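Asks: Sequence lines, in order, name chains A and B. Once you know that position 18 of the first sequence is 18 in our numbering, the rest is easy, because the numbers rise by one and skip nothing. Here our numbering = 1-based position in the second sequence + 203. Here a beta-carbon is modelled for each residue, glycine too, at the ideal position from N, C-alpha and C. Computed from a prediction, not measured in an experiment: that's the story for all the values here. Got a structure here, written out as structure tokens. Questions coming.
Number of protein chains: 2
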Amino acid sequence: MSPPPPASGPRPTTHNRPPASSRPPPSPGPSEGAADPTLLPLFRAVDKDGTGQLSEKELSAALVNGDWTAFDPQTVRMMIRMFDSDRSGTIGFEEFCGLWSFLASWRALFDRFDADRSGNISPDEFSNALVAFRYRLSPGFVDLLFRTYDKRSEGVMSFDLFVQACISLKRMTDVFKKYDEDRDGYITLSFEDFLVEILKQLK
Amino acid sequence: MSPPPPASGPRPTTHNRPPASSRPPPSPGPSEGAADPTLLPLFRAVDKDGTGQLSEKELSAALVNGDWTAFDPQTVRMMIRMFDSDRSGTIGFEEFCGLWSFLASWRALFDRFDADRSGNISPDEFSNALVAFRYRLSPGFVDLLFRTYDKRSEGVMSFDLFVQACISLKRMTDVFKKYDEDRDGYITLSFEDFLVEILKQLK
Numbered sequence: 001m002s003p004p005p006p007a008s009g010p011r012p013t014t015h016n017r018p019p020a021s022s023r024p025p026p027s028p029g030p031s032e033g034a035a036d037p038t039l040l041p042l043f044r045a046v047d048k049d050g051t052g053q054l055s056e057k058e059l060s061a062a063l064v065n066g067d068w069t070a071f072d073p074q075t076v077r078m079m080i081r082m083f084d085s086d087r088s089g090t091i092g093f094e095e096f097c098g099l100w101s102f103l104a105s106w107r108a109l110f111d112r113f114d115a116d117r118s119g120n121i122s123p124d125e126f127s128n129a130l131v132a133f134r135y136r137l138s139p140g141f142v143d144l145l146f147r148t149y150d151k152r153s154e155g156v157m158s159f160d161l162f163v164q165a166c167i168s169l170k171r172m173t174d175v176f177k178k179y180d181e182d183r184d185g186y187i188t189l190s191f192e193d194f195l196v197e198i199l200k201q202l203k
Numbered sequence: 204m205s206p207p208p209p210a211s212g213p214r215p216t217t218h219n220r221p222p223a224s225s226r227p228p229p230s231p232g233p234s235e236g237a238a239d240p241t242l243l244p245l246f247r248a249v250d251k252d253g254t255g256q257l258s259e260k261e262l263s264a265a266l267v268n269g270d271w272t273a274f275d276p277q278t279v280r281m282m283i284r285m286f287d288s289d290r291s292g293t294i295g296f297e298e299f300c301g302l303w304s305f306l307a308s309w310r311a312l313f314d315r316f317d318a319d320r321s322g323n324i325s326p327d328e329f330s331n332a333l334v335a336f337r338y339r340l341s342p343g344f345v346d347l348l349f350r351t352y353d354k355r356s357e358g359v360m361s362f363d364l365f366v367q368a369c370i371s372l373k374r375m376t377d378v379f380k381k382y383d384e385d386r387d388g389y390i391t392l393s394f395e396d397f398l399v400e401i402l403k404q405l406k
């Protein structure tokens, strides 16, 4: 294992090198939860066509923010991809229980970081959340991240976009860690590695 | 400048290293076109509210594929970002002329690669287009790229998605080239470089 490069090297990006402690953050991830029978009435209410499987459309209609606005479609698709363990493209009851418990964990975190109880996450609150998750990111990057996921350009983040931003950051961090085998904060990628990893994040 | 690594190196990804000749591809890019007065009646027809500026909604209503289906919203947003030179968020007449000429170039390319005149690009036709653009990519990657942009899971690509896929690939290639200063087909990225470049592609 080689020592990390000096803090001011020839490459202009060197000063951005994150300390190893910034990875990995302890944000909630999907877990193998047992089916919770108390959720069955809710599941049945969401399963409008009674197939026993929730489509993207059914789930979209059921998932709302604190102010009853619909989830961003990308967040819904992300949830389905994360919890659709049998790769059916839909969410069965057991998968729904996992998804629901996951959203409850995020909801608690969201409330914790929404310090002024506005129902939204401000840029400052977002920055504090990332620190709590033990990311160490430059203010410039945190600002870019916020603006990227503030998709409705409201200057604040609703629950769905906060979850999307945090999960995306976690996924990108996991990819980085996969390549950063020597944990020096730098990765080397071939042309196709680079393209493949970006395409995966676009999905 | 160091010689390129051997074709079979210690890293499993080495065999994917693209030859230098695969970059840059000669695909159409935005050009500073002069305003074309013959396009004024068309512009006025698209500018429904008569503001002299086309919104995303107005442009969406005007841009259609060969079979009159609407453009994918991501393609419309990509066009606006590319041609909105004054960063107003809308497309003025001169910007529209540039956009129109750009789409005409792509339309001609699309027709050329649509060898069976089906009005869509099949996976084989897509692969041939990438070869013509002088990309050298593995079949596995071309397949992933096709599936990523075949957003309606139709097994073929309509004009809008073909343009989106090709422009995205061009943008990702340009980013790679920016970092690959020694042109050895590998790049080294810090954690924030990696995150920033992915976020830029998500926009």
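(1) Measure the C-alpha to C-alpha separation of SER225(B) and VAL378(B) and round it to an integer number of angstroms.
(2) Taking the C-alpha atoms as reference points, what is the distance between LEU243(B) and GLU297(B)?
(3) To the nearest angstrom, report how far apart LYS178(A) and ASP184(A) are at their CA atoms.
(4) Take GLU395(B) as the anchor and find which of ARG107(A), LEU109(A), LEU169(A) has the nearest alpha-carbon.
(5) Which chain B residues sit within Cβ distance under 7 Å of LYS203(A)?
(6) Tell me which same chain residues have a C-beta within less than 6 Å of the C-beta of ASP295(B), skipping the five on either side of it?
(7) Out of ALA61(A), ASP36(A), PRO37(A), LEU103(A), which one is the CA nearest neighbour of LYS48(A)?
(8) May I ask you to report which of helix, strand or coil DSSP gives ALA238(B)?
(9) Check the C-beta distance from ILE324(B) over to MET360(B) and give it rounded, since I have them as a contact under 8 Å.
(10) Going along the chain, which residues of the segment 159 to 189 of chain A sit with their C-beta nearer than 9 Å to a C-beta in chain B?
(11) Do TYR389(B) and SER190(A) have their C-beta atoms within less than 9 Å of each other?
(12) Give the single residue among ASP287(B), ASP239(B), CYS300(B), PHE336(B) whose Cα lies nearest to the Cα of PHE316(B).
(13) Any idea what DSSP makes of ALA45(A), helix, strand or coil?
(14) Rounded to a whole number of angstroms, what is the C-alpha to C-alpha distance between MET82(A) and PHE71(A)?
(15) DSSP beta-bridge partners for LEU243(B)?
(16) From THR75(A) to TYR149(A), what does the alpha carbon distance come to, in whole angstroms?
(17) Report yes if the C-beta distance between PRO231(B) and LEU340(B) is below 9 Å; otherwise report no.
(18) Could you give the C-beta distance for PHE194(A) and LEU398(B), rounded to a whole number, given that I count them as a contact under 8 Å?
(19) Taking only beta-carbon positions, decide if LEU130(A) is within less than 9 Å of chain B.
(20) With burial defined as no fewer than 16 other Cβ atoms inside 10 Å of the residue's Cβ, what is the status of GLY301(B): buried or exposed?
(21) Name the residue from SER258(B), GLU328(B), ASP385(B), VAL334(B) whose alpha carbon lies nearest to the alpha carbon of PHE362(B).
(22) Going by CA-CA distance only, name the one from ARG171(A), GLU181(A), SER101(A) that's closest to ILE37(A).
(23) What does DSSP give as the partner residue(s) for MET157(A) in the beta ladder?
(24) So LEU340(B) contacts chain A; which residues on that side make the cut at Cβ distance below 9 Å?
(25) Going residue by residue through the segment 274 to 355 of chain B, where are the continuous beta strand (DSSP E) segments of at least 3 residues, counting only ones entirely within it?
(26) Between the alpha carbons of PRO73(A) and PRO276(B), how many angstroms are there, rounded?
(27) Using a Cβ-Cβ distance under 9 Å, would PHE329(B) count as near chain A?
(28) Could you name the residues of chain B that ILE198(A) contacts, counting a contact when the two beta carbons are closer than 7 Å?
(29) Mapping the DSSP letters down to three states, classify SER190(A) as helix, strand or coil.
(30) Could you name the residues of the same chain whose beta carbon sits closer than 8 Å to that of ASP179(B), not counting the 5 residues immediately before and after it, in chain order?
(31) Tell me which residue opens and which closes the alpha helix (DSSP H) that GLU259(B) is part of.
(32) Let me make sure I understand the geometry here. Which of ALA332(B), GLU400(B), PRO342(B), LYS403(B) has the alpha-carbon closest to that of ALA368(B)?
(33) Would you identify the three-state DSSP class for ARG386(B), choosing helix, strand or coil?
(34) Applying a beta-carbon distance threshold of less than 8 Å, which residues of chain A neighbour LEU348(B)?
(35) Does DSSP put ASP270(B) in a helix, in a strand, or in coil?
Replies: Once the coordinates are examined:
(1) The residue labelled residue 225(B) in the question sits at position 22 within the second sequence. The residue labelled residue 378(B) in the question sits at position 175 within the second sequence. Note that SER225(B) scores a pLDDT of 44, beneath 50, so its modelled location is shaky and nothing firm can be said.
(2) To locate residue 243(B), count along the second sequence from 1; it is residue 40. To locate residue 297(B), count along the second sequence from 1; it is residue 94. Their Cα atoms are separated by approximately 10 Å.
(3) Within the first sequence, residue 178(A) is the residue found at index 178, counting from 1. Within the first sequence, residue 184(A) is the residue found at index 184, counting from 1. Each residue's alpha carbon lies about 12 Å from the other.
(4) Mapped onto the second sequence, residue 395(B) falls at position 192. With distances taken between Cα atoms, GLU395(B) lies closest to LEU169(A).
(5) Working through the first sequence from its first residue, we reach residue 203(A) at position 203. Correct list: THR351.
(6) As a first step, residue 295(B) must be located in the second sequence, where it is residue number 92. Note that residue 295(B) is Gly in the sequence shown, not Asp. Correct list, in chain order: GLN256.
(7) Mapped onto the first sequence, residue 48(A) falls at position 48. Among ALA61(A), ASP36(A), PRO37(A), LEU103(A), the Cα nearest to that of LYS48(A) belongs to ALA61(A).
(8) Position 35 of the second sequence, counted from the start, is the residue given in the question as residue 238(B). Three-state result, ALA238(B): coil.
(9) Mapped onto the second sequence, residue 324(B) falls at position 121. Mapped onto the second sequence, residue 360(B) falls at position 157. ILE324(B) to MET360(B), Cβ: 4 Å. Contact.
(10) SER168, LEU169, MET172, THR173, VAL175, PHE176, TYR179, ASP180, GLY185, TYR186, ILE187, THR188, LEU189
(11) For this step, residue 389(B) is matched to residue 186 along the second sequence. For this step, residue 190(A) is matched to residue 190 along the first sequence. Going by C-beta atoms, TYR389(B) is nearer than 9 Å to SER190(A).
(12) Within the second sequence, the letter at position 113 stands for residue 316(B). Nearest option by C-alpha distance: PHE336(B).
(13) Locating residue 45(A) in the first sequence gives position 45, counting from the first residue. Correct three-state label for ALA45(A): helix.
(14) Locating residue 82(A) in the first sequence gives position 82, where the first residue counts as 1. Locating residue 71(A) in the first sequence gives position 71, where the first residue counts as 1. About 16 Å.
(15) For this step, residue 243(B) is matched to residue 40 along the second sequence. Answer is none; LEU243(B) lacks a bridge partner.
(16) Mapped onto the first sequence, residue 75(A) falls at position 75. Mapped onto the first sequence, residue 149(A) falls at position 149. The alpha-carbon atoms of THR75(A) and TYR149(A) are separated by roughly 11 Å.
(17) Along the second sequence, read from residue 1 onward, the residue named residue 231(B) stands at position 28. Along the second sequence, read from residue 1 onward, the residue named residue 340(B) stands at position 137. Cβ distance not < 9 Å, so PRO231(B) and LEU340(B) don't count as in contact.
(18) One-based indexing of the first sequence puts residue 194(A) at position 194. One-based indexing of the second sequence puts residue 398(B) at position 195. Rounded, the Cβ-Cβ distance is 13 Å, inconsistent with contact.
(19) For the purposes of this step, residue 130(A) is taken as the residue at position 130 of the first sequence. With 9 Å as the cut-off, LEU130(A) does not count as an interface residue toward chain B.
(20) Mapped onto the second sequence, residue 301(B) falls at position 98. Result: buried.
(21) Counting from one through the second sequence, the residue named residue 362(B) turns up at place 159. It is GLU328(B) whose Cα lies nearest to the Cα of PHE362(B).
(22) Locating residue 37(A) in the first sequence gives position 37, counting from the first residue. Sequence inspection shows Pro at residue 37(A); the Ile mentioned does not correspond to that position. Comparing Cα-Cα distances from PRO37(A) to each of ARG171(A), GLU181(A), SER101(A), the minimum goes to SER101(A).
(23) The residue labelled residue 157(A) in the question sits at position 157 within the first sequence. According to DSSP, MET157(A) bridges with ILE121(A).
(24) Numbered from 1 along the second sequence, position 137 holds the residue referred to as residue 340(B). Going along chain A in sequence order, the residues near LEU340(B) (Cβ under 9 Å) are PHE191, GLU192, LEU195.
(25) none
(26) As a position in the first sequence, residue 73(A) is number 73, starting the count at 1. As a position in the second sequence, residue 276(B) is number 73, starting the count at 1. About 13 Å.
(27) Taking the second sequence and counting its residues from 1, one reaches residue 329(B) at position 126. Chain A, which has no Cβ nearer than 9 Å to the Cβ of PHE329(B), makes this no.
(28) Translated into positions along the first sequence, residue 198(A) becomes position 198. In chain order: MET375, ILE401, GLN404.
(29) What you label residue 190(A) is simply residue 190 of the first sequence in a count that begins at 1. Strand, per DSSP.
(30) Here chain B covers residues 204 to 406 and nothing more, so residue 179(B) does not appear.
(31) Within the second sequence, the letter at position 56 stands for residue 259(B). Residues 259 to 265.
(32) Taking the second sequence and counting its residues from 1, one reaches residue 368(B) at position 165. Of the listed residues, the one whose Cα sits closest to ALA368(B) is ALA332(B).
(33) Residue 386(B) sits at position 183 when you count from the first residue of the second sequence. Here ARG386(B) sits in coil by DSSP.
(34) On the second sequence, position 145 is the one that residue 348(B) refers to. The answer, in chain order, is LEU195, LEU199.
(35) On the second sequence, position 67 is the one that residue 270(B) refers to. Coil, per DSSP.
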